[in-house]
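One structure is given below, encoded as structure tokens.
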Amino acid sequence: MTTGLAAGGADHRAAASPLRRVLGFWAVASIVVGNMLGSGVFFTPGELSAVANATWQVYLLWALAGGITLCGALTLSELASRLPRAGATYHIIREGFGPFWAFVLIWVQIWVAGPGSIAGVAIVVGEFLVRFGGGLERWSPPAWGTAAVTFFVGINLLGVQWGGRTQILLTTAKVAGLLGLVGGSLFLADAVVQQGAVAAGSTATAAHIGGVWAFIRFVGLGIAAVLFTYDGWIDVSYLGAEIERPQRNLPLGLTCGVATVTLLYLVVNYAYLRVVPLDAMRAAPAAVATEVARAAFGASGGRWLNMLVFVSIVGALGGLVMTLPRLYYAAAVQYAAEAPAASASFLFRGLSTVSTRTAVPAGSLVFAGVTTIVALWTFGTFSRIVNFFVVPLQLTNILIVAAVFRARREPPPPGSFRTPGYPIVPLIFIVVILAFLASAIIFNPLETFIGAALTATAAPAYIWTKRRSQ
């Protein structure tokens, strides 16, 4: 019997999808780059200076994190090309490990991590607008965040083409801005001489003189600091049912997007280090990008950088609003079909509602917008709650990638992508993320426990749902 993973998802649910395949390669790549490029590239280099004591170590850590992410992206490319459906990761986990683990993914995303991640970005958008002044401060950050979320929900309700074009525009603007910052560093700012001094008592010192184990610890801490800036690469798979020629455009757009972001991060770090030495980064880690902008563009550099950070964050917000509702939609279609008589089917029917005019999952888009706005006004910022779910969400990433071993038991569907370097490539991702999870459990036991406890509430919810469907 052929599984959904092996058959490319060509079952009755996939065939009946009312969504339209209109997103091409450039839209896919733009969504990947746009979702990955947020504010991390402006602040993480300064934080990393506390770990690294030489410029080559900085490049090594950024390249390693990019390589690890690429291993995950190549594996996801194969799985998503087998299941080019809305909310592909939900179906990948369901086919690979059963409906319970797929339910856990949806439970976490719908009620906490999804609205929390969108709200966390939206509140930053609001804070930036208030900081700009000029009358913008008359609205509070939550009010501006609400306006931004409403705007992107409205754009996406017009059609997936509008969402895709908006992401292409915002991604082009942020990449152009980053390249402008790099160009300013290279051609308008004076280079400094790296002294190579080692901060007393730093982890980098231990790595430098402590042998293999100390170096491994150094790499582990560095990867942990950098890896979150690569988040967002999975999100484009949620649009699997709306990508034309998904067996080609999804793998190509996903891998090219991750590779582009990795290259950009390396180039941007070179631009930073050319102007601000590591010792200066350690002294003021949050001001690195600002110092580079001022060195290149003078007094107006700080304002120019603020605008660039703002565009980057807005682009990330737009990508989240566009992609996450597709994950909700995928689960809703599944459960609405399985439990038509359940009392919860009202929610499932609402989330699975598709506009007949624009062919977008309008119910899930509106639901994501409403829950995000509730989070904005209830918590002001949701970032701390999202931190509780670092371990559960990374666990689901491991499950997604590990599903490739189940998929390989069956022959691939015609034209599907094959992960190069299998099984080494998926194993690299799984081993590294498992080590990251072990580190989180050791060094952040309280937040890990709270996240695990909140995630465990999915079990009684799943049992209740299954009973209502019988």
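In terms of the numbering used here, the sequence shown is numbered consecutively and its last residue is 467.
For each residue, glycine too, the CB sits at the ideal point set by N, CA and C.
The structure presented is a predicted model; accordingly, all values stated were derived computationally and were not measured.
- A direct Cα-Cα distance of roughly 29 Å separates F125 from Y235.
- Nearest Cα to L321 within the set W104, N441 and P410: W104.
- T41 counts as buried, since at least 16 other C-beta atoms from the protein chains shown sit within 10 angstroms of its C-beta.
- Per DSSP, G130 lies in no alpha helix (DSSP H) segment and is marked neither H nor E.
- Relative to F307, the option among C68, V122 and V264 whose CA is nearest is V122.
- A straight-line Cα-Cα distance of about 14 Å links G315 and A26.
- Leaving aside the five residues that flank Y332 on each side, the residues in its chain whose CB is nearer than 6 Å to its CB run, in chain order, F345.
- Taking I220 as the centre and dropping the five residues before and after it, the same chain places the C-beta of L58, L61, A62, I65, V429 and F433 closer than 8 Å to its C-beta, in chain order.
- Remark: C-beta atoms of L71 and T416 approach each other more closely than 8 Å.
- For T445, same chain residues with a beta-carbon under 6 Å away, outside a window of 5 residues either side, are V388, A437 and I438 in chain order.
- When the beta-carbon positions are compared, A372 and P112 come within less than 8 Å of each other.
- Residue pairing of I231 in beta bridges, as defined by DSSP: absent, with no partner found.
- Under DSSP, A400 forms no beta bridge with any residue.
- I28 counts as buried, since no fewer than 16 other beta carbons sit within 10 angstroms of its beta carbon.
- No Cβ-Cβ contact shorter than 8 Å links V367 with P358.
- Here the alpha carbons of A453 and I460 stand approximately 12 Å from one another.
- Inter-residue distance for S74 and G130 is about 44 Å (C-alpha atoms, whole angstroms).
- Residue state for A83 is assigned as strand, using DSSP reduced to three classes.
- Bounds of the alpha helix (DSSP H) holding A24 are F22 to M33.
- Beta bridge pairing from DSSP links L236 with A83.
- Taking a C-beta distance under 8 Å as the contact criterion, V146 and T369 qualify as a contact pair.
- Contact between the stretch 273 to 284 and the stretch 238 to 256 is not established, with fewer than three Cβ pairs separated by less than 8 Å.
- The way I'd put it, the stretch 257 to 273 does touch the stretch 283 to 290; three or more beta-carbon pairs between them come closer than 8 Å.
- Per DSSP, F184 is one residue of the alpha helix (DSSP H) stretching across V157 to F184.
- Shown here, Y56 sits in a helix according to DSSP, grouped into three states.
- In this structure, I165 sits away from R18, with a CB-CB distance that is not shorter than 8 Å.
- In the three-state reduction of the DSSP assignment, D187 falls in the coil class, being assigned neither a helical nor a strand state.
- With fewer than three CB-CB distances shorter than 8 Å, the stretch 404 to 412 does not count as touching the stretch 94 to 102.
- Exclusion of the five residues before and after F149 leaves G315 and V318 as the residues of its chain whose Cβ lies within less than 6 Å of its Cβ.
- In the DSSP assignment, F148 falls within the unbroken alpha helix (DSSP H) covering P138 to L154.
- In terms of Cα proximity to A365, the closest of A186, I213 and L154 is L154.
- Going by beta carbons, M33 and G229 fall inside the 8 Å limit.
- The alpha-carbon of A290 is positioned some 15 Å away from that of K171.
- Ranked by Cα distance from P81, the options V233, S297, A256 and A140 are led by V233.
- In this structure, A85 and A77 form a Cβ contact; the two beta carbons are roughly 5 Å apart against a cut-off of 8 Å.
- The DSSP-derived three-state label of V363 is helix.
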